[in-house]
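Numbering (the working numbering), first residue to last: 310 to 495.
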């Protein structure tokens, strides 16, 4: 084997291992994770680099500081916090925040503090996008004239030992693909 080919393989293999590990973790989380349905306050940007998607800003990204399990004055932007989640209610709720990684088997989201207020913290969980087809109906800007309101959006996320993977977007309780077919103009 030539030196060039060996160097190429040495550069390629670690990258493939990292990518493979990411895929396996996401698929394992989808298979074995606990389903939690989070309320979404969405809007639909068209991003030429990322494609068409609904920004899924979760309602639980704004957390009351009273849920913090230690002196809240110590919290700063950029800190990593673990949000313990109650998956038995819909929409799922954050029930406590801690700076310490919970025990395995605990249902939680790993979030980075993006803003610290007197009573509220903003956390980023990395679950901010749900991609929709280019010709799909945008549920975040849809107005249901019959109901006189926008549809309720819930993002189903699978959680497993801190890993979080988006599974589905529900529009008024219906999976997005079904809702899209029913509301597509033809």
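For each residue, glycine too, the CB sits at the ideal point set by N, CA and C.
Bear in mind the structure is a predicted one, so any value in this text is a computation, not a measurement.
Per-residue DSSP class, three states only, for residue i
i           : result
residue 353 : Residue confidence is low: residue 353 scores 49 on pLDDT, short of 50, so the model does not pin down where it sits. No coordinate-derived value is stated.
residue 429 : strand
residue 378 : coil
residue 329 : helix
residue 454 : coil
residue 322 : helix
residue 473 : strand
residue 317 : helix
residue 478 : strand
residue 310 : coil
residue 341 : helix
residue 491 : helix
residue 386 : coil
residue 334 : helix
residue 363 : strand
Cα-Cα separation, residue i to residue j
i           : j           : result
residue 414 : residue 472 : 11 Å
residue 353 : residue 325 : Residue confidence is low: residue 353 scores 49 on pLDDT, short of 50, so the model does not pin down where it sits. No coordinate-derived value is stated.
residue 411 : residue 454 : 45 Å
residue 478 : residue 347 : 10 Å
residue 341 : residue 397 : 17 Å
residue 406 : residue 442 : 36 Å
residue 369 : residue 333 : 27 Å
residue 336 : residue 423 : 28 Å
Nearest-angstrom beta carbon gap, residue j and residue i [assumed within contact, 8 Å]
i           : j           : result
residue 394 : residue 468 : 7 Å
residue 432 : residue 374 : The pair is not a contact, with the Cβ atoms about 12 Å apart (cut-off 8 Å).
residue 463 : residue 343 : Their Cβ separation, rounded to whole angstroms, is 15 Å, which puts residue 463 and residue 343 out of contact at 8 Å.
Option in the options with minimal Cα separation from residue i
i           : options               : result
residue 437 : 331, 332, 474 and 455 : 474
residue 480 : 443, 426, 427 and 400 : 400
residue 446 : 368, 488 and 321      : 488
residue 383 : 372, 425 and 371      : 425
residue 428 : 491, 337, 336 and 371 : 371
residue 339 : 440, 466, 444 and 377 : 466
residue 491 : 448, 476 and 408      : 448
residue 409 : 470, 451 and 450      : 470
residue 493 : 444, 476 and 482      : 444
**Study point:** Cβ contact (3+ pairs, closer than 8 Å) linking the region 313-322 and the region 362-378
**Key:** no
Check your understanding: Below 8 Å, can you find three or more Cβ-Cβ pairs linking the region 408-425 to the region 385-393?
Key -> yes
Check your understanding: Below 8 Å, can you find three or more Cβ-Cβ pairs linking the region 459-466 to the region 329-336?
Key -> no
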